[in-house]
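As given, the protein sequences belong to chains A and B, one line each in that order.
Okay, so the first sequence: first residue is 118 according to the working numbering, each after it adds one.
Okay, so the second sequence: first residue is 118 according to the working numbering, each after it adds one.
Think of the CB as a built atom: it goes at the ideal place given N, C-alpha and C, for glycine as much as any other residue.
Notes for the one structure printed next.
Number of protein chains: 2
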Amino acid sequence: MAYAYWKSGKMDEPSVFDLYFRKNPFQGEFTIFAGLEECVKLLQTFHFSESDVAYLQSVMPPTTDPAFFTYLSTLSAKDITLSAIPEGDVVFPKVPLITVTGPLAVAQLLETPLLNLVNYASLVATNAARFRLAAGPEKLLLEFGLRRAQGPDGGLSASRYCYLGGFDGTSNVLAGKMFGIPVKGTHAHAFVTSYISLSEMKDRIMEGELAAFVSYAMAFPQNFLALIDTYDVIKSGLPNFCAVAMALNDLGYRSQGVRLDSGDLSYLSNFVHSKFCKVAAKYNLPWFEKMIIVASNDINEETIHSLNQQGHTISCYGIGTHLVTCQKQPALGCVFKLVEVNGKARIKLSEDVEKVTVPGKKNVFRLYGTDGTALVDLLQQVSETPPKKGERVLCRHPIQESKRAYVIPAEVRCLHEVYWQNGEVTKPLPSLSELRKKASDSLAALRQDHKRTLNPTPYKVSVSSALYTFIHELWLESAPIGELS
Amino acid sequence: MAYAYWKSGKMDEPSVFDLYFRKNPFQGEFTIFAGLEECVKLLQTFHFSESDVAYLQSVMPPTTDPAFFTYLSTLSAKDITLSAIPEGDVVFPKVPLITVTGPLAVAQLLETPLLNLVNYASLVATNAARFRLAAGPEKLLLEFGLRRAQGPDGGLSASRYCYLGGFDGTSNVLAGKMFGIPVKGTHAHAFVTSYISLSEMKDRIMEGELAAFVSYAMAFPQNFLALIDTYDVIKSGLPNFCAVAMALNDLGYRSQGVRLDSGDLSYLSNFVHSKFCKVAAKYNLPWFEKMIIVASNDINEETIHSLNQQGHTISCYGIGTHLVTCQKQPALGCVFKLVEVNGKARIKLSEDVEKVTVPGKKNVFRLYGTDGTALVDLLQQVSETPPKKGERVLCRHPIQESKRAYVIPAEVRCLHEVYWQNGEVTKPLPSLSELRKKASDSLAALRQDHKRTLNPTPYKVSVSSALYTFIHELWLESAPIGELS
């Protein structure tokens with residue numbers, strides 16, 4: 118495409134592309150926007166190296182004009198302007214997350230990398246946020262997904278954006294090193310099975326497990342947390358754990374807790390907790406009943422909701438596969454659409470009205486109510502006067518004429534900020550923990566009914582009256598000549 | 118865990134770990150093994166850098182013995198032996214894909230990276246192979262998934278292993294450059310909408326599309342392939358394409374074909390093809406009816422089966438989201454289990470008998486019938502005499518006593534080969550296109566009923582009589598003392 122643009126002299130035509138999605142993931146009604154920092158960093162380094170150009174020369178048709186490769190080798194993102202909603206914000210369908218303005222060919226070349234950087238990051242951050250909502254604010258959430266991610270880098274992305282979405286830590290040590298995410302983990306079943314016995318007693322299995330726990334406790338006297346389901350939680354794992362924890366107590370150490378990786382997590386966690394309470398009472402060790410119970414067996418969002426219904430005493434979830442693969446919906450489906458070229462707004466029509474694009478360059482506002490919750494997002498043409506707090510503004514559904522309402526916002530926020538212009542990063546990029554806080558705050562400002570699991574209320578995204586009229590005029594211009602269809 | 122092993126002096130105990138999965142993905146009965154080359158390369162470079170060690174020192178408890186970090190800084194994979202089934206082979210549940218032998222702590226440290234490298238690679242290669250089986254050997258299959266993958270590197274893994282699994286090309290140009298995969302692509306809707314009109318005629322949309330096609334044809338006269346559904350395939354896209362293709366023909370160029378990205382792909386492809394046939398007949402241009410029709414709208418395996426049932430003239434599929442995210446099942450679920458330590462076989466028990474591990478170090482054989490198809494995989498203890506062709510061998514289900522059969526193989530293949538030993542790669546690693554051929558050949562030697570979509574026959578994985586007895590003795594040893602449960 119870049120070559121065809123170049124060949125017809127269109128490569129530098131000023132163009133505007135919107136990056137957005139059409140539907141919230143996971144049958145939910147919100148999405149956490151993530152991946153922006155990586156997009157900005159892509160622009161900083163965007164170019165074709167000599168070897169890139171040589172490779173392209175080798176695979177493009179021999180009729181390709183050699184001057185095109187010279188053109189490619191000079192390309193950079195210096196003439197691109199990127200505005201975006203801040204990373205970590207809650208976002209909704211049809212609202213441009215990123216708007217790219219600049220030469221047509223360069224903007225087009227950015228399509229796939231930008232989509233790649235935003236799609237999975239936002240998807241997995243949203244998934245993490247949903248797990249957080251399901252588990253509640255008090256539970257510890259650990260990401261254990263590296264082994265099931267799309268390669269090593271997929272695993273790093275997962276750890277990074279799960280933390281952004283509200284997880285507390287990861288078992289991916291490299292992610293800890295690179296991004297400063299707290300690293301957490303326990304031991305595996307193999308650790309237990311690698312110990313055979315303290316001596317050759319009859320009940321060898323329990324002995325092997327006890328030996329494993331003793332060994333682990335010696336290594337981590339202040340952080341003793343044991344996986345207790347290798348053989349039998351009730352008959353073996355729990356008594357062995359308590360024995361070692363009591364011995365550590367005699368030496369002045371408080372143990373951390375246990376992990377359950379199989380079985381009925383509701384029943385077992387309650388059983389374990391009640392045993393902890395009994396020990397606490399009998400030996401007057403109040404901390405014993407506060408030890409954590411980690412659950413980690415193939416847990417998804419529904420498992421947590423179901424556990425909440427049944428009742429449990431789990432204090433920490435270790436979540437892998439379902440979190441990082443986003444099993445419920447493994448792709449977000451962001452698109453990158455041309456909305457203006459050479460000063461002319463473009464519309465992409467479709468028989469599916471949900472797929473009709475909102476043409477032209479736009480401003481995006483979020484209107485808030487008096488209680489601080491977000492009421493509606495409003496798209497305007499850039500030439501319009503922004504909505505003002507305390508002043509009535511008409512918010513219209515972009516397609517359906519009958520859906521419209523006047524809103525008097527208590528607060529108005531312009532969502533887009535310019536992150537890249539004239540070859541430079543124009544805003545400081547927040548740290549990962551700042552982004553994590555941003556995501557949490559932004560979700561907190563969203564009404565509860567948009568966040569609930571079952572039949573959540575859709576959050577409204579509207580257009581101004583002028584933009585509504587503009588969409589429908591442009592749509593009419595494009596009506597086919599001939600019979601009704 | 119490594120610290121606890123080190124602390125108790127177990128870190129160098131000789132151990133054997135098997136990497137395997139328990140269930141074929143996608144409700145199928147086969148899996149393509151992929152990712153081995155990356156595993157071997159991991160062993161080549163496996164170490165803790167100074168900064169890794171410093172980071173670990175900063176996050177481990179302050180009570181950690183400093184000598185442990187010295188130990189870590191000296192670690193390498195030199196004492197590890199890795200044997201594996203060749204990459205690209207068809208593999209089945211419970212059969213060790215990789216067996217790692219060596220010091221307990223090092224082998225354990227390799228668990229997560231090896232699982233990460235095998236899980237997604239094998240999953241997506243298998244998915245690609247299933248798309249290939251659905252589409253048939255003649256169709257062109259292109260991977261278009263970069264924008265929906267888990268970050269840039271997830272996208273590279275996807276392109277690489279989809280090619281291994283039987284795809285013909287990718288739109289990921291970097292994957293083309295790095296792995297030599299053929300790169301293929303067309304233009305997007307934005308290319309069409311970026312052209313407004315040849316002149317300001319009434320029917321502006323068709324004019325804009327025509328202008329876009331002319332421009333694309335001028336850039337790629339020998340490779341003209343147009344996306345014809347931006348406005349209306351039948352009223353606009355197809356006539357515009359034919360006009361440009363005929364004009365190119367006058368100049369001595371043969372066009373390539375069209376792409377459909379929406380609508381009823383069966384109906385539209387047939388409509389387009391019949392139009393091509395009419396033009397071919399009318400103007401005596403036989404090549405016109407042989408032009409390719411690419412389909413690319415959110416296609417999954419079922420879409421292809423459904424299209425095959427309805428009838429279509431699609432000659433190429435461009436597949437993205439469903440391929441790279443493996444939507445139907447986004448994780449393979451490989452595990453890495455300790456099967457022997459210090460010369461003693463270990464068994465991991467579970468209430469779910471499917472999860473019971475096959476203990477001890479094993480040899481793996483594939484027995485073939487006289488027609489060259491694979492009959493059964495057979496696991497033996499390493500001390501046993503391998504099965505011989507023409508000689509009867511008893512193959513038993515590892516758990517169920519009643520399931521057993523004598524097999525007389527026409528051919529026997531020892532599946533495992535040693536890829537890494539004494540700090541060196543011990544076998545040449547095949548090229549990606551060799552692996553692709555291997556996958557295709559290996560699948561061809563699998564009976565059709567194992568490969569069919571609906572209710573495929575499970576391929577049998579069996580154990581020798583001696584191994585059967587060994588499993589059950591070890592299991593009995595581990596029986597709990599006390600009441601029946």
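Run through the DSSP bridge pairs and tell me what B/Gln427 is partnered with.
Paired residue(s): none; B/Gln427 is not in a bridge.
Output yes if chain B places a C-beta closer than 8 Å to the C-beta of A/Tyr434; else output no.
no
Can you list, in chain order, the residues of its chain whose CB lies under 7 Å from that of B/Pro504, leaving out five sequence neighbours each side?
Phe482, Leu484, Leu495, Val510, Pro526, Val529
The beta strand (DSSP E) spanning A/Asn480 covers which residue range?
479-485
Residue range of the alpha helix (DSSP H) that A/Lys568 falls in?
565-568
Output yes or no for whether 8 Å exceeds the beta carbon distance between B/Ala245 and B/Gly282.
yes
Indicate whether at least one CB of chain B lies closer than 8 Å to the CB of A/Val535.
no
Quick check on B/Asn340 - is its C-beta less than 8 Å from some C-beta in chain A?
yes
State the start and end residues of the unbroken beta strand (DSSP E) segment that holds B/Val529.
528-531
Of the residues B/Phe165, B/Gly302, B/Arg376, the one placed nearest A/Lys294, counting alpha carbons only:
B/Phe165
Excluding the five sequence neighbours on either side, which residues of its own chain have a C-beta within less than 6 Å of the C-beta of B/Ile431, listed in chain order?
Ser386, Ile410, Ala412
Quick one: list the residues of chain A neighbouring B/Phe296, beta-carbon separation under 8 Å, in chain order.
Simply none; closest approach about 12 Å.
Determine the DSSP secondary structure at B/Ile215, reduced to helix, strand or coil.
strand
Please list the partners that A/Ile313 has in chain B, where partner means a Cβ-to-Cβ separation under 9 Å.
Val458, Asn459, Lys461, Arg463
Please list the partners that B/Asn414 has in chain A, where partner means a Cβ-to-Cβ separation under 9 Å.
Those do not exist, as B/Asn414 stays about 11 Å from chain A at its closest Cβ, beyond 9 Å.
For B/Trp537, which beta-bridge partners are listed by DSSP?
B/Leu199, B/Val542
Neighbourhood of B/Arg247 by C-beta distance below 7 Å, restricted to the same chain and skipping five residues each side:
Phe143, Gly145, Glu418
Measuring only between beta-carbons, confirm whether B/Leu552 sits less than 8 Å from chain A.
no
Restricting to Cα atoms, I'd like to know which of B/Leu560, B/Asp367, B/Gln426, B/Gly380 is closest to B/Tyr400.
B/Asp367
How would you write the range of the alpha helix (DSSP H) that B/Pro131 sits in, first residue to last?
Where B/Pro131 is concerned, there is no enclosing alpha helix (DSSP H), although the beta strand (DSSP E) it sits in stretches over 131-137.
Secondary structure of B/Phe284, DSSP reduced to three states:
coil
Among A/Gly540, A/Lys577, A/Thr474, nearest to A/Cys512 - alpha-carbon criterion:
A/Lys577
State the beta-bridge partners of B/Lys410 as determined by DSSP.
One detail in the question is off: residue 410 of chain B reads as Ile in this sequence, not Lys. Paired residue(s): B/Val375.
At a CB distance below 9 Å, what residues from the segment 497-516 of chain B approach chain A? Give them in sequence order.
none
Partner residues on chain B for A/Pro178, Cβ-Cβ distance less than 8 Å
Phe337, Gln339, Asn340
Given that a residue counts as buried once 16 or more other Cβ atoms are within 10 Å of its Cβ, and exposed if not, what is A/Cys359?
buried
Within 8 Å of any Cβ in chain A, is that where the Cβ of B/Arg569 sits?
no
If you draw a straight line from the alpha carbon of A/Arg564 to that of A/Ile149, how long is it in whole angstroms?
15 Å
Kindly indicate the opening and closing residues of the alpha helix (DSSP H) around B/Glu590.
582-594
Quick check on B/Lys461: does DSSP put it in helix, strand or coil?
strand
Examine chain A for any beta-carbon lying closer than 8 Å to the beta-carbon of B/His164, and answer yes or no.
no
Neighbourhood of B/Leu342 by C-beta distance below 6 Å, restricted to the same chain and skipping five residues each side
Thr303, Gln373, Gly374
Does the beta carbon of A/Tyr137 come closer than 8 Å to any beta carbon on chain B?
no
Using beta carbons (cut-off 8 Å, strictly below), is A/Thr229 in contact with chain B?
yes
Check for me: the beta strand (DSSP E) holding A/Val524 runs from which residue to which?
521-524
Does the distance from the CB of A/Ile588 to the CB of A/Pro515 come in under 8 Å?
yes
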